Each structure stands twice: as structure tokens, then as C-alpha cells.
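Residue numbers for the sequence shown follow numbering that gives the first Met the number 0, so the first one is 0 and each next one is one higher.
Where is the CB? At the ideal position from N, CA and C, for every residue including glycine.
Note that the structure is predicted; figures quoted are calculated from it, not measured.
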Amino acid sequence: MSVRKIVIAGVTSGVGKSTIAAAIMYALKRKGFVVQPFKVGPDFIDPSYHTYVTGRQSRNLDIWMMRKSGVLRCFNSCCFDADFGVIEGVMGLFDGVSGKDDFGSTAHVARLLDASIILVIDAAKAARSIAAIAWGFIRFSKSLKIAGIILNNVASQRHATFISDAFAGKIKVPIVGIIERNKKIGMEERHLGLIPTAELEDKKKRAIIRSAKYASEQIDLDKIRDVWNVPREVRNKQSTAQLSTSRLTVAVALDESFNFYYADNLDA
């Protein structure tokens, strides 16, 4: 089956990647597409939001733990019956294992999968300077395809115009979303980041959908689909690990206290 793939990356942590990734997943699902979600890195929590929004188990793509072959195998096998693969990044686009290169970063995964990137920038405390940030990210690595930019926390239409004017003639990558600041939406957080959906009450779970819906209404999905990678044929590559033929029953606790699991481990 052919699948289109895109990475939702941020210039830093805390720019709204999770909300925007969920919004794009939500919008695509509402249009009737099968969306397979992923998260770069060893995060247990963000994937629970993806799973809640899409109805499909989100998977981790961690080059450090899985190596390139494992990432490719996971992506291909999980996208076998999907229309779109949406990958939420981790930290800033180029943040990986060290400062010497981008090994293990969102950029590394995007390059490995040959996926286009939507870059999320928090515009809350700047205007013209946002164009300089975008310019630097676009040119920092020529092996990546940053195909669109989403501006988050925009204060007003006047603020949006300032930024758009700064982009004009300088930044060729299109702005595909301008999300106005709204204190009434957002996702529950604590010291480790977001709170797992397993711990949220139904009312707060519904707030996830409201946040995704609010953001999706300010994202030009048609523009994003224009820059999305040409769909590629995906083969269902199963694990080559040798499994024992003997049967063993294993009980796995799954509740508010015990929910930090990698789906791949449970599948194994």
C-alpha cells in the first residue's frame, strides 16, 4: 500500500508540537483517511494522545534503541494499511545524542524515512525575528526538506501580518498554519510533560479533541497535502526474530499506575 509521510518538528520543546501533531492527525481522520501516528524518541506519553485521537496505536521511532533497521521495519509494518504516516518529533529539530551531529534527533529520523517536515515556531514573543529563525533552520541542513511552517501562539491578525511580511521574498517555504493564542485550549501537563491519557478524566480527554479541533481549523490541510511526500509503496516487513514455539501466558497490568509500555514489546 502507498503511504504519505510527514514529520511535525519544533524549533525547541514547548512550541506546541503535540497539539499541532494531534490537530493534523485529527483533521486527516475527519476526512476519512487512515492515519498511523508515530513519536520520535522513547516517549510513552505523547503516543497515548496520538492513539486517542486516531484510534490507532502510536509507535516510537527511536534510532538509539532500535537502530536504523528497527525504525524502518516499525514504520513500514505499521503503515502497511495506512494512508498517512504522521510523525511527531522530539525537542528541537536537530537535538539528538550530542552537539556534534544530529544522531538520534528528529532530523535524523526524517532523513532516514525521506519525510517532509512541518516546522512549528512559537511566535509569542517575536515578529520579524521569526523569519530569521525559519531562515536558519531551513539552511542548517540541506539534506532535509522543510516543506511548511506553522506559527503558534500568534497574538492577533496584525501580529500575523508582521510575520508574513517578514517572510515575503525571503522565505520560500510556505506558512501552512497560523494558530492564534487561546488560553482556554491546551493539554494537561506536570513535571514530566503531558499527563498520560490513562490518567485523565473523560472531561479532560474531550479537551484534547477540542484543542486538536481548534488548531486544525487554523491549519491549511490542503497546503500541507500539496507538500507531502509522494506516496511510496510500503511492504509489510515483519520482525526476523526467532520465536519460541512453546506457549506461555503472560499477564500485563494496564491501568492508571501501569501504562508506560512500548507497543512493540507487547506485540513481541
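What beta strand (DSSP E) runs, 3 residues minimum, are completely inside the segment 79-105? Listed in chain order, they are 83-91.
Looking at the structure shown, is residue 175 part of a helix, part of a strand, or coil, going by DSSP? It is a strand residue.
So if DSSP puts residue 116 in a beta bridge, which residue, or which two residues, is it bridged to? Bridge partners of residue 116 according to DSSP: 6, 145.
Does residue 58 pass the burial test, meaning 16 or more other C-beta atoms within 10 Å, or should it be called exposed? That one is buried.
Nearest residue (CA-CA) to residue 173, options 137, 30, 65: Looking at the Cα atoms, 137 is the closest of the given residues.
Considering Cα atoms alone, identify which of 71, 221, 93 is closest to residue 30. In terms of CA proximity to residue 30, 221 leads the group 71, 221, 93.
Residue 139 - DSSP class collapsed to helix/strand/coil: Helix at residue 139.
Which first and last residues belong to the beta strand (DSSP E) in which residue 46 is found? Careful: residue 46 lies outside any beta strand (DSSP E), inside the alpha helix (DSSP H) at 45-53.
Residue 66 by DSSP, collapsed to three states: which one? Looking at residue 66 - three-state DSSP - the assignment turns out to be helix.
Terminal residues of the continuous alpha helix (DSSP H) containing residue 29? If you look at residue 29, you'll find it in the alpha helix (DSSP H) that goes 16-29.
When DSSP labels each residue in this structure, what does residue 256 get in the three-state scheme? Coil.
Pick from 12, 148, 82: whose alpha carbon is nearest that of residue 178? Checked all of 12, 148, 82; the closest Cα to residue 178 is 148.
DSSP state of residue 33, grouped into three classes? Coil, per DSSP.
Would you mind giving the Cβ-Cβ distance between residue 175 and residue 219, rounded to the nearest angstrom? I have them listed as a contact below 8 Å. Rounded to the nearest angstrom, the Cβ distance from residue 175 to residue 219 is 5 Å, consistent with a contact under 8 Å.
Using the three-state DSSP reduction, which class does residue 263 fall into: helix, strand or coil? In the displayed model, residue 263 falls within a helix according to three-state DSSP.
Do residue 145 and residue 118 have their C-beta atoms within less than 7 Å of each other? Contact flag set, yes.
What first and last residue would you give for the alpha helix (DSSP H) that runs through residue 220? Element bounds for residue 220: 220-226.
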